[in-house]
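2 protein chains.
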Amino acid sequence: MFNRYMLELGSKRSAIRELHEFGRLRAESLGADSVFDFSIGNPSVPPPDCVRQTIKRLVSASDSVALHSYTSAQGSEEVRKTIADDIKQRFGVNMRADLIYMTCGASAALTAIINALAEEGDEFILPAPYFPEYTVYVTAAGAKHIDIPFKGNFDIDLDALEAAINKRTKAIIINSPNNPSGKVYSEDMILRLAEILERKNRELGITVYVIADEPYRELVFNGQKVPFVMNYYKNTAVCYSYSKSLSLPGERIGYIAVSPEAENADELYLAILGAGRALGFVCAPTLFQQVVAKCLDARPDLDIYRHNGKLLYDELTAAGFECAPPEGAFYLFVKAPDGNSQAMSERAKQLGILIVPGDDFAAKGYCRVAYCVDESLILRAAPLFKKLADSYK
Amino acid sequence: MFNRYMLELGSKRSAIRELHEFGRLRAESLGADSVFDFSIGNPSVPPPDCVRQTIKRLVSASDSVALHSYTSAQGSEEVRKTIADDIKQRFGVNMRADLIYMTCGASAALTAIINALAEEGDEFILPAPYFPEYTVYVTAAGAKHIDIPFKGNFDIDLDALEAAINKRTKAIIINSPNNPSGKVYSEDMILRLAEILERKNRELGITVYVIADEPYRELVFNGQKVPFVMNYYKNTAVCYSYSKSLSLPGERIGYIAVSPEAENADELYLAILGAGRALGFVCAPTLFQQVVAKCLDARPDLDIYRHNGKLLYDELTAAGFECAPPEGAFYLFVKAPDGNSQAMSERAKQLGILIVPGDDFAAKGYCRVAYCVDESLILRAAPLFKKLADSYK
Numbered sequence: 009m010f011n012r013y014m015l016e017l018g019s020k021r022s023a024i025r026e027l028h029e030f031g032r033l034r035a036e037s038l039g040a041d042s043v044f045d046f047s048i049g050n051p052s053v054p055p056p057d058c059v060r061q062t063i064k065r066l067v068s069a070s071d072s073v074a075l076h077s078y079t080s081a082q083g084s085e086e087v088r089k090t091i092a093d094d095i096k097q098r099f100g101v102n103m104r105a106d107l108i109y110m111t112c113g114a115s116a117a118l119t120a121i122i123n124a125l126a127e128e129g130d131e132f133i134l135p136a137p138y139f140p141e142y143t144v145y146v147t148a149a150g151a152k153h154i155d156i157p158f159k160g161n162f163d164i165d166l167d168a169l170e171a172a173i174n175k176r177t178k179a180i181i182i183n184s185p186n187n188p189s190g191k192v193y194s195e196d197m198i199l200r201l202a203e204i205l206e207r208k209n210r211e212l213g214i215t216v217y218v219i220a221d222e223p224y225r226e227l228v229f230n231g232q233k234v235p236f237v238m239n240y241y242k243n244t245a246v247c248y249s250y251s252k253s254l255s256l257p258g259e260r261i262g263y264i265a266v267s268p269e270a271e272n273a274d275e276l277y278l279a280i281l282g283a284g285r286a287l288g289f290v291c292a293p294t295l296f297q298q299v300v301a302k303c304l305d306a307r308p309d310l311d312i313y314r315h316n317g318k319l320l321y322d323e324l325t326a327a328g329f330e331c332a333p334p335e336g337a338f339y340l341f342v343k344a345p346d347g348n349s350q351a352m353s354e355r356a357k358q359l360g361i362l363i364v365p366g367d368d369f370a371a372k373g374y375c376r377v378a379y380c381v382d383e384s385l386i387l388r389a390a391p392l393f394k395k396l397a398d399s400y401k
Numbered sequence: 009m010f011n012r013y014m015l016e017l018g019s020k021r022s023a024i025r026e027l028h029e030f031g032r033l034r035a036e037s038l039g040a041d042s043v044f045d046f047s048i049g050n051p052s053v054p055p056p057d058c059v060r061q062t063i064k065r066l067v068s069a070s071d072s073v074a075l076h077s078y079t080s081a082q083g084s085e086e087v088r089k090t091i092a093d094d095i096k097q098r099f100g101v102n103m104r105a106d107l108i109y110m111t112c113g114a115s116a117a118l119t120a121i122i123n124a125l126a127e128e129g130d131e132f133i134l135p136a137p138y139f140p141e142y143t144v145y146v147t148a149a150g151a152k153h154i155d156i157p158f159k160g161n162f163d164i165d166l167d168a169l170e171a172a173i174n175k176r177t178k179a180i181i182i183n184s185p186n187n188p189s190g191k192v193y194s195e196d197m198i199l200r201l202a203e204i205l206e207r208k209n210r211e212l213g214i215t216v217y218v219i220a221d222e223p224y225r226e227l228v229f230n231g232q233k234v235p236f237v238m239n240y241y242k243n244t245a246v247c248y249s250y251s252k253s254l255s256l257p258g259e260r261i262g263y264i265a266v267s268p269e270a271e272n273a274d275e276l277y278l279a280i281l282g283a284g285r286a287l288g289f290v291c292a293p294t295l296f297q298q299v300v301a302k303c304l305d306a307r308p309d310l311d312i313y314r315h316n317g318k319l320l321y322d323e324l325t326a327a328g329f330e331c332a333p334p335e336g337a338f339y340l341f342v343k344a345p346d347g348n349s350q351a352m353s354e355r356a357k358q359l360g361i362l363i364v365p366g367d368d369f370a371a372k373g374y375c376r377v378a379y380c381v382d383e384s385l386i387l388r389a390a391p392l393f394k395k396l397a398d399s400y401k
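As structure tokens, then:
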């Protein structure tokens with residue numbers, strides 16, 4: 009009666025929603041203090057003041073018809089020019105306004121470019137661990153996702169990647185800083201990735217695109233640098249969101265930037281326009297197009313995330329857990345002592361701690377702990393994490 | 009290399025974009041005064057003051073983290089409850105918050121419900137004249153659109169509709185007040201439509217849904233009443249947008265309301281949730297979810313549209329054109345004297361008048377004239393419309 013895949017998608021509760029519901033019920037019966045929610049990737053740091061000031065100024069001073077009116081499908085030309093200039097200046101790429109496509113956040117950017125690229129049966133390579141919705145977007149576009157495992161500290165297993173590339177390979181989706189692992193791919197990793205892709209393109213006579221999903225680009229700590237992928241591999245499109253860098257996740261505002269050096273860059277851009285249209289995105293929300301363009305240099309207080317990450321890492325490792333030190337985003341990916349992440353999430357639940365099993369991120373054996381929370385939550389949860397670790401002894 | 013359909017969609021300039029580009033060039037060479045743009049359906053009346061006041065208040069007073077944070081995929085529960093209660097009160101339908109799905113405008117509502125319903129090869133019936141993007145949304149969902157002609161004054165040809173229904177028919181998309189014709193379907197028309205659908209459902213053992221696309225619901229004149237379709241036919245979902253009723257087209261905010269009496273209403277809602285997820289809509293923009301819930305009773309000055317519609321209608325008919333009197337929305341659908349709408353749009357262009365040929369609306373022989381413009385534009389264009397009419401003598 010209905011589309012089977014869509015019904016299945018809508019009916020299946022995600023692990024995160026299940027946890028949320030569990031937490032809600034527990035809070036009702038035992039009090040909010042008994043719930044330690046580390047399950048959600050919702051920024052905990054307020055938007056920089058520029059956001060509030062800009063909204064107020066625009067709403068007070070602008071012609072309200074023009075302010076809220078449609079922009080062109082690709083977004084306000086002035087906004088796109090501002091963003092292109094910013095990319096040019098920050099990353100030395102010769103970006104143009106007509107290669108920027110404003111979107112309703114990174115998810116819309118991903119569905120637009122995936123649908124622009126995918127023909128029935130094409131393959132998209134997803135290096136684990138990865139954001140679970142990638143598989144939904146790829147599947148709904150009629151394509152297949154090919155998962156490849158990680159190596160060591162959540163690096164891409166480049167041998168496995170190379171072996172996975174064939175004539176049907178359309179793109180690889182990378183996400184650095186990474187959700188769920190907090191990993192930032194090094195420049196060396198990106199260089200080697202580019203080398204493999206270029207070689208395979210030549211060998212097979214294909215063009216594999218890199219989709220660089222970068223909502224966490226600005227959330228890095230300790231001077232870590234996030235390589236700007238299109239400086240290393242020309243066939244790259246960046247999917248960006250202001251959800252994290254301006255703490256605006258609900259406002260759905262981001263963009264796709266197609267590398268000016270990409271093969272058939274202008275055609276790819278047109279296919280993105282077509283896909284955005286077919287998916288029902290008329291234009292990105294106009295007020296927030298203006299807001300982000302006026303707050304490009306603003307950042308929320310990232311020091312809070314850095315501090316939280318270190319605090320939580322110190323506590324978890326002191327408790328006896330194994331995990332990689334925080335590099336970026338706001339997640340730690342913690343090893344389940346017995347390798348069973350579902351069971352670890354269950355055990356944690358009994359203590360009131362909500363953490364997400366890595367299975368949906370294509371990384372069994374780990375749990376994701378989000379530290380976009382109040383410092384006090386981390387401090388209060390510390391003895392419980394210790395108890396959780398001890399339960400494995 | 010790219011998805012062929014998406015590339016084609018992105019490459020093809022719509023008639024409206026072509027006109028816009030022509031207008032831009034003409035304004036550059038001959039001055040803005042020489043362009044009479046009646047091509048765009050962008051509200052010309054400012055949002056009601058409630059919008060500005062609510063934005064300012066929310067931004068000043070609210071916790072900014074909560075204000076801009078994700079809502080659940082279906083939208084803020086409080087907002088959905090407010091809207092459901094409003095529908096209950098205005099239309100006497102037993103609407104529930106968990107049958108309301110907040111969307112990024114009516115287009116997103118349409119793609120979500122079409123993708124929720126469509127299995128490969130299903131058929132969606134589109135009574136002409138209709139908004140051209142319907143065909144894009146239906147085609148991209150893997151379904152087929154079956155166009156049926158209009159009868160008389162842009163009424164649905166119900167005999168043709170009945171003949172078009174078969175086992176593959178999934179839904180019919182109706183749009184009243186109608187873009188491009190300004191038609192409001194009468195209660196009698198909706199009653200007869202419902203009677204046919206119920207009969208065909210029984211005969212064929214199917215369930216045909218009505219998708220009532222109603223962004224212009226509040227834009228009616230002279231006491232005309234827009235029948236609330238789910239009061240006449242239970243298998244109905246309404247796609248609504250605040251683009252016109254609050255003059256917020258760029259902010260992308262609207263909803264789907266599934267009739268509580270629809271067959272498998274809850275399953276349909278889940279399939280919509282799934283489709284929204286697969287299309288990349290994480291949630292509707294949060295600030296504007298709050299804004300519309302707080303401005304449900306506000307309206308822009310609709311009298312301006314009523315006045316413009318009457319003025320333009322009087323001028324066009326005095327000039328000798330044939331068209332139906334304005335009932336709703338902000339369009340007149342004018343008959344080309346020689347039946348050739350493309351040629352009529354071309355002749356108009358030579359005079360600086362931009363009007364859209366009806367071909368894309370599946371109604372050759374008519375041109376759409378949008379009157380969401382300044383009154384002065386209508387007055388200044390009057391002698392040119394006369395000249396256009398005279399050119400046919």
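Here the protein sequences come in this chain order: A and B. Numbering (my numbering) for the first sequence: 9 to 401. Numbering (my numbering) for the second sequence: 9 to 401. No residue lacks a Cβ here, since even glycine has one placed at the ideal position from N, Cα and C.
Residue i to residue j span [Cα, whole Å]
i: K178(A); j: Q82(A); result: 23 angstroms
i: L304(A); j: I91(A); result: 8 angstroms
i: K208(B); j: E211(A); result: 57 angstroms
i: L66(B); j: I312(B); result: 29 angstroms
i: A370(A); j: E259(B); result: 36 angstroms
i: P345(B); j: V364(B); result: 15 angstroms
i: F329(B); j: P391(B); result: 13 angstroms
Neighbour flag for residue i against chain A, beta carbons, 8 angstroms
i: N272(B); result: yes
i: Y138(B); result: no
i: Y407(B); result: The requested residue 407(B) is not part of the displayed model; chain B covers only 9 to 401.
i: R285(B); result: yes
i: G288(B); result: yes
i: A279(B); result: yes
i: L118(B); result: yes
i: G282(B); result: yes
i: T325(B); result: no
i: M9(B); result: yes
i: T177(B); result: no
i: S184(B); result: no
Bounding residues of the alpha helix (DSSP H) (the contiguous stretch that carries residue i)
i: R225(B); result: Note, R225(B): premise wrong, no alpha helix (DSSP H); not H, not E.
i: I214(A); result: No alpha helix (DSSP H) contains I214(A), which DSSP labels as neither H nor E.
i: S72(A); result: S72 to L75
i: V234(A); result: Neither: V234(A) is in no alpha helix (DSSP H) and is coded neither H nor E.
i: A81(A); result: Neither: A81(A) is in no alpha helix (DSSP H) and is coded neither H nor E.
Start and end residues, beta strand (DSSP E) containing residue i
i: D1(A); result: With chain A covering only 9 through 401, there is no way to say anything about residue 1(A).
i: L256(A); result: Unbroken run through L256(A): none, as it is neither H nor E.
i: V246(A); result: T244 to S249
i: V266(B); result: G262 to V266
Short CB-CB distance (under 8 angstroms) between residue i and chain B
i: V144(A); result: yes
i: A390(A); result: no
i: E259(A); result: yes
i: L295(A); result: yes
i: M14(A); result: yes
i: L276(A); result: yes
Only counting runs of 4 or more residues, tell me where the alpha helix (DSSP H) segments fall wholly within the segment 16-58 of chain B, in order along the chain. The qualifying runs are 23-38.
Where are the alpha helix (DSSP H) runs, 4 residues long or more, that stay fully inside the segment 121-195 of chain B, in chain order? For the alpha helix (DSSP H) assignment, the uninterrupted runs of no fewer than 4 residues enclosed by the segment 121-195 of chain B are, from N- to C-terminal side, 141-148 and 166-172.
Anything in the segment 370-388 of chain A with a Cβ closer than 8 angstroms to a Cβ of chain B? List those residues in chain order, please. Taking 8 angstroms as the Cβ-Cβ cut-off against chain B, none of the residues of the segment 370-388 of chain A qualify.
Residue ranges of each alpha helix (DSSP H) within the segment 279-312 of chain A, 4 or longer: Runs found: 294-302.
Output the residue ranges of the alpha helix (DSSP H) runs that lie fully inside the segment 334-382 of chain B and measure 4 residues or longer, sorted by chain position. Those alpha helix (DSSP H) runs which fall completely within the segment 334-382 of chain B and span 4+ residues are 349-358.
What residues in the segment 20-49 of chain B bring their beta carbon closer than 7 angstroms to a beta carbon of chain A? Listed by position, the residues of the segment 20-49 of chain B near chain A (Cβ gap below 7 angstroms) amount to none.
By the 7 angstroms beta-carbon criterion, what residues does the segment 53-79 of chain A contribute toward chain B? Those residues of the segment 53-79 of chain A that come within reach of chain B (Cβ to Cβ, closer than 7 angstroms) are P54, P55, R60, I63, K64, V67, S72, V73, H76, S77, Y78 and T79.
Cβ-based contacts, 7 angstroms cut-off: residues of the segment 337-357 of chain B near chain A: Listed in sequence order: no entries.
Which residues, in chain order, does the segment 213-243 of chain A contribute to contact with chain B at a C-beta distance below 7 angstroms? From the segment 213-243 of chain A, only T215 have a Cβ closer than 7 angstroms to chain B.
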